[in-house]
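Q:
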Amino acid sequence: MRHAFIFGALALIPLGWQAAATLGAARPETLPSPLTDADFRPVDPAEARLGQLLFYDPILSGNREVACATCHHPAFGTSDGLSLGLGDGGIGLGPARVVNPDNPPEERVPRNAQALWNLGALEYRSMFHDGRVEIDDAQYHGMRTPLGADMLDGFASMLAAQTMFPVVSPDEMAGHYQENEISTAVRMGMLTGEDGAWARLAARVAGVPDYARMFAEVYPEIAEGRAITFADVSNAIAAFMEFEFRSDTAPFDAVLRGEATMAPLAGQGMALFYGEAGCAGCHAGPFLTDHDFHAMGAPQLGPGKGARFETHHRDEGRYRVTGDPADWYAFRTPALRNVALTAPYGHAGAHATLAGFLAGHGAQGVDSYDRAQAVLPAMPVEDWAVMDDPEQVADIRAAAEPVATLDSAQIAALVAFLETLTDPVAREGRLGVPQTVPSGLLVPNP
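Taking the working numbering, the leading residue of the sequence shown gets 5, the next gets one more, and so forth.
Written as structure tokens, this is what we have:
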């Protein structure tokens with residue numbers, strides 16, 4: 005007798021098994037088509053290997069202590085396991101990360117560290133929770149960023165361009181005023197140009213002989229004498245992310261390809277997801293996102309998202325990008341691939357579990373929110389200014405789009421379905437975590 009394929013606590017039932025028709029829920033007609041190579045950009049393996057080293061190398065942070073992987077580690081589903089992360093000024097990794105008492109950060113990172121799955125797929129047209137880096141064919145270089153056309157020369161993709169921003173954010177990677185030459189340049193507004201922060205970071209990388217050799221091997225123009233730019237660094241990191249974090253071999257994909265059917269509970273969840281629960285209205289397509297922006301009543305915590313001269317703690321979401329009142333408190337629909345690995349959930353990481361997020365999804369959840377769900381390392385900052393203000397809570401509630409109210413059985417079924425989106429290949433990694441990096445700095449690892 006053939007056995008069910010087991011993925012953790014889940015089972016997929018091969019279609020050839022006689023019991024499949026009775027144990028598996030019927031396949032909803034609204035399921036997306038399976039993913040193929042045509043949905044992704046081709047990746048140069050040598051470029052990806054170079055990007056792997058840069059992704060794990062703290063050389064790109066002002067104080068040489070924070071790598072991309074510090075907040076986007078595969079051990080935590082390419083996120084960091086925290087509601088709001090600690091970049092520069094933190095010690096440790098994942099939920100064990102704490103404030104460095106000798107050099108504490110000024111604030112927490114204001115938004116939850118997003119997972120990196122499939123960001124190189126061709127249908128992606130925006131980055132970050134608010135979409136502030138996005139494809140726009142009417143713009144110079146075909147992209148829109150908060151800096152206009154600055155630093156867009158040489159970037160191979162939107163995914164590459166988005167790497168401009170974490171490295172110059174004081175609380176993420178740059179560090180704070182006068183701590184290092186990068187943070188000083190950022191504070192003085194010197195981002196572009198020969199002495200700008202990005203050029204200084206590129207020069208750091210170019211000064212490491214092994215990096216200089218590998219860049220020359222990957223990019224012919226550099227071998228011919230062109231200097232390494234930050235765009236080259238970004239392109240390599242993007243190639244690595246596209247290769248390493250491509251996810252299209254989950255149990256769900258076997259269902260899409262017609263190779264298996266869901267086990268009973270996950271099948272019930274899939275029927276709910278594509279049926280009466282209405283989840284697929286926003287979580288559409290093969291990546292389970294409509295790539296749009298919605299206000300969903302998510303609780304707000306932490307410093308909020310504003311300019312340094314602003315004193316409020318609000319995160320106004322997409323509104324800060326567009327200025328359109330219809331975008332008030334709207335955030336990008338998260339893709340759900342590997343979502344079971346990427347807790348906490350929400351733009352501020354307010355919910356520690358998938359079940360908790362589903363139970364609190366929508367306007368009804370902001371009033372009943374349990375603050376104990378937040379995963380926040382101890383820090384002497386104001387985390388609950390918005391939630392302590394009834395008027396602001398009312399604004400969040402009023403902006404929220406309607407969602408279905410779910411009972412505990414429905415939530416359990418939906419969680420079982422969402423767990424079928426976990427991809428064993430992507431979770432294990434293709435290149436993995438390097439033991440060392442060319443700079444000689446410490447590779448972040450639990």
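Note that the Cβ used here is the ideal one computed from N, Cα and C, for glycine as well.
Would you grab the beta carbon distance between L292 and R322 for me? Rounded to a whole angstrom, and I think it's under 8 Å.
A: With 8 Å as the limit, L292 and R322 do not qualify as a contact, their Cβ atoms being about 19 Å apart.
Q: Since M266 is in the beta strand (DSSP E), which residue starts that stretch and which ends it?
A: First-last of the beta strand (DSSP E) with M266: 264 to 266.
Q: Determine the closest residue to N107 out of D175, F297, A334, with distance taken between C-alpha atoms.
A: Closest option to N107, Cα to Cα, is D175.
Q: Which stretch, first to last residue, makes up the beta strand (DSSP E) that contains V190?
A: First-last for V190: 185 to 191, but that is the alpha helix (DSSP H), not the beta strand (DSSP E).
Q: Along the chain, where does the alpha helix (DSSP H) that runs through I241 open and close?
A: Segment 234 to 248, the alpha helix (DSSP H) holding I241.
Q: Opposite G94 in the DSSP bridges: which residues?
A: BP columns for G94 point to V103.
Q: Might you give, ordered along the chain, the residues of its own chain that have their beta carbon closer than 7 Å to the beta carbon of T440, omitting 5 neighbours on each side?
A: Cβ neighbours of T440 beyond the five flanking positions: V447.
Q: Can at least three beta-carbon pairs, one atom from the stretch 95 to 105 and one from the stretch 177 to 190, be found at a separation below 8 Å?
A: At 8 Å Cβ cutoff, the stretches do not touch.
Q: Tell me, to the nearest whole angstrom, how far the beta carbon of F44 is from that of R250; I am working on the premise that it is less than 8 Å.
A: Contact holds; Cβ gap of about 6 Å.
Q: Tell me V397's beta-bridge partners as DSSP assigns them.
A: Paired residue(s): none; V397 is not in a bridge.
Q: Would F219 be called buried (16 or more neighbouring beta carbons within 10 Å of its own) or exposed?
A: Flag for F219 reads buried.
Q: For Y349, which of helix, strand or coil comes out of DSSP?
A: DSSP places Y349 in strand when its eight states are reduced to three.
Q: Since I226 is in the alpha helix (DSSP H), which residue starts that stretch and which ends it?
A: That run of the alpha helix (DSSP H) goes 224 to 227.
Q: Which residues share a DSSP beta bridge with S335?
A: Note on identity: in this sequence residue 335 is Phe, with Ser being the wrong assignment. Answer is H298, bridged to F335.
Q: Quick check: the Cα distance between F421 and G271, rounded to an integer number of angstroms?
A: Roughly 7 Å separates the two Cα atoms.
Q: Ignore the nearest five residues each way along the sequence and tell me which others in L345's own chain have a CB closer than 7 Å to its CB.
A: Closer than 7 Å at the Cβ level, and outside the excluded window around L345, lie G81, T426, R431.
Q: With burial defined as no fewer than 16 other Cβ atoms inside 10 Å of the residue's Cβ, what is the status of P307: buried or exposed?
A: It counts as buried.
Q: Which word fits T40, buried or exposed, when buried means at least 16 other C-beta atoms lie within 10 angstroms of its C-beta?
A: Under this definition T40 is an exposed residue.
Q: Thinking C-beta only, is R112 closer than 8 Å to L88?
A: In contact: L88 and R112 (Cβ atoms closer than 8 Å).
Q: Would you mind stating whether A404 and G301 have Cβ atoms separated by less than 8 Å?
A: Yes, the Cβ-Cβ distance between A404 and G301 is below 8 Å.
Q: Around the C-beta of E395, are 16 or more other C-beta atoms found within 10 angstroms, so that it is buried, or is it exposed?
A: By the neighbour-count rule (16 or more Cβ atoms within 10 Å), E395 is not buried but exposed.
Q: Report buried or exposed for A334, applying the criterion of at least 16 other Cβ atoms within 10 angstroms of its Cβ.
A: With 16 or more Cβ atoms within 10 Å of its Cβ, A334 is classed as buried.
Q: What residue range does the alpha helix (DSSP H) around V343 cover?
A: Premise fails: V343 is in no alpha helix (DSSP H) and is neither H nor E.
Q: Check this for me: beta carbons of A71 and L269, under 8 Å apart or not?
A: No. Outside cutoff.
Q: List the whole-angstrom C-beta distance separating V437 from L358, where the pair is believed to meet the contact cut-off of C-beta under 8 Å.
A: In fact, because the Cβ distance is near 26 Å, the residues do not count as touching under 8 Å.
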